[in-house]
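Participant: Could you have a look at this structure, given as structure tokens, before my questions?
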Amino acid sequence: MLCKEVGELLDAYALGALGPEETGPIEEHLADCLRCWEHLKESQKAAALLVLAVPLEQPREELRRRIIAQAAKEAQQKGGGLERA
Amino acid sequence: MDYPDLSDEELMARLAYRDIEAFETLYERYGTLVYSTGLRVMGDTQLAEDIAQETFLRLWRAPERYVPERGRFGTWLLSATRNRAIDQVRTRGRRQNREVTTEGPQKEPAATKMADPAFIAQLSDVRRTVRTALQTLPAEQRQVIELAYYGGYTQKEIASLLDQPLGTIKTRIRLGMQKLRAALAAELKEQ
């Protein structure tokens, strides 16, 4: 693929909007083209910021308890470490 | 030690020593955002809880996956959450149950109880900038970007879903992302 063709698809690539048949040739090109790689990094950084736009919803307190309890249990099983003072 | 005063990176460094209080502090900071990300993609509270649990426990089990040189912790964690949720949506083939239309202006829950108000306030500036940038895009550009990023649809699937030529969808993605990059230029320098 040419840089121009790849360049036109980098935003879609960064958003995860390409099928496997399209990503293969792009990745081959990126492996050898620093310029397109730099452009991709810009697209990826912009795409990554989109995750901050989600509407906030408060999870249940139960979720927090479950996660912390599981983490503490796994730490104990592995022989402990720095537990809560 | 006052854990809320520690940076994300300092807390992550303590995770390597199985410091449960550092882990709890990271949950205080990001629990709501991680859960909300899962909910936005999965559209189901139970599945969003599962994604949040998996995300945090993976962090606990292998904190070395985060490499500070590659970017901010928060963006990394939330992107990882989104990617995991998209993988599950694709695997489960649950798309028929999820919304395909774009949302109107988003609003914060009126009485959201944030565990760490100072931290959320700091982050909320960035969130506001990103949301404003997204909302000021032409509706058809915002729609395709949201379908791709939060819905996990490919541009071909979007073309089919919206009954539009593939070329039109490609153009909307490209123009929309160009405008987003311009609107977020200051934030992108910080990343």
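Read top to bottom, the protein sequences are chains V and R.
So the first sequence is residues -1 to 83, counted in the working numbering.
So the second sequence is residues 9 to 199, counted in the working numbering.
Glycine included, each C-beta is placed from N, C-alpha and C at the ideal position.
From a predicted model like this one, the values you see are computed outputs, not experimental measurements.
Is the CB-CB distance between Cys34(V) and Leu8(V) below 8 Å?
Facilitator: In contact: Cys34(V) and Leu8(V) (Cβ atoms closer than 8 Å).
Participant: For my contact list, Ala15(V) and Ser41(V) are in at a C-beta cut-off of 8 Å; report their separation, rounded to the angstrom.
Facilitator: The Cβ separation is near 11 Å, so there is no contact.
Participant: Excluding the 5 residues flanking Leu14(R) on each side, which residues of the same chain have their C-beta closer than 6 Å to its C-beta?
Facilitator: If we look at Leu14(R) and ignore the five residues flanking it on each side, it has no Cβ neighbours.
Participant: Roughly how many angstroms lie between the CA atoms of Glu17(R) and Glu36(R), to the nearest whole one?
Facilitator: One C-alpha to the other measures close to 15 Å.
Participant: Does the distance from the C-beta atom of Val138(R) to that of Leu48(V) stay below 8 Å?
Facilitator: Yes, the pair counts as a contact, with Cβ atoms nearer than the cut-off.
Participant: May I ask you to report which of helix, strand or coil DSSP gives Gly39(R)?
Facilitator: In this structure, Gly39(R) counts as helix in the three-state DSSP scheme.
Participant: Assign Tyr25(R) to one of two classes, buried (16 or more other C-beta atoms within 10 Å of its C-beta) or exposed (fewer than that).
Facilitator: Looking at its Cβ environment, which holds fewer than 16 other Cβ atoms inside 10 Å, Tyr25(R) is exposed.
Participant: With DSSP as the reference, label Gln114(R) as helix, strand or coil.
Facilitator: Any reading at Gln114(R) must be qualified, since the residue scores a pLDDT of 48, below 50, and its modelled position is unreliable; no value is offered.
Participant: In chain order, what residues of the same chain have a beta carbon less than 6 Å from the beta carbon of Ile177(R), not counting five sequence neighbours either side?
Facilitator: Val152, Gln163, Ile166 and Ala167, listed in sequence order.
Participant: For Gly159(R), is the classification buried or exposed, using 16 other Cβ atoms within 10 angstroms of its Cβ as the cut-off for buried?
Facilitator: By the neighbour-count rule (16 or more Cβ atoms within 10 Å), Gly159(R) is buried.
Participant: Checking contacts by CB at 8 Å: is Ser87(R) closer than that to chain V?
Facilitator: Cβ-Cβ to chain V under 8 Å: yes for Ser87(R).
Participant: Any beta carbon from chain V within less than 8 Å of Asp13(R)'s own beta carbon?
Facilitator: Asp13(R) does not count as touching chain V.
Participant: Could you please tell me which residues of the stretch 27 to 49 of chain V, in chain order, have their CB closer than 7 Å to any CB of chain R?
Facilitator: Those would be Glu40, Ser41, Lys43, Ala44, Ala45, Ala46, Leu47, Leu48 and Val49, in chain order.
Participant: Rounded to whole angstroms, what is the Cα-Cα separation between Ala29(V) and Glu36(V)?
Facilitator: Each residue's alpha carbon lies about 11 Å from the other.
Participant: Could you pull the start and end residues of the alpha helix (DSSP H) that Cys1(V) belongs to?
Facilitator: Counting along the chain, the alpha helix (DSSP H) containing Cys1(V) begins and ends at Cys1 to Gly5.
Participant: Assign Ala83(V) to one of three DSSP states: helix, strand, or coil.
Facilitator: A caution first: Ala83(V) carries a pLDDT of 41, below 50, which makes its placement in the model too unreliable to give a value.
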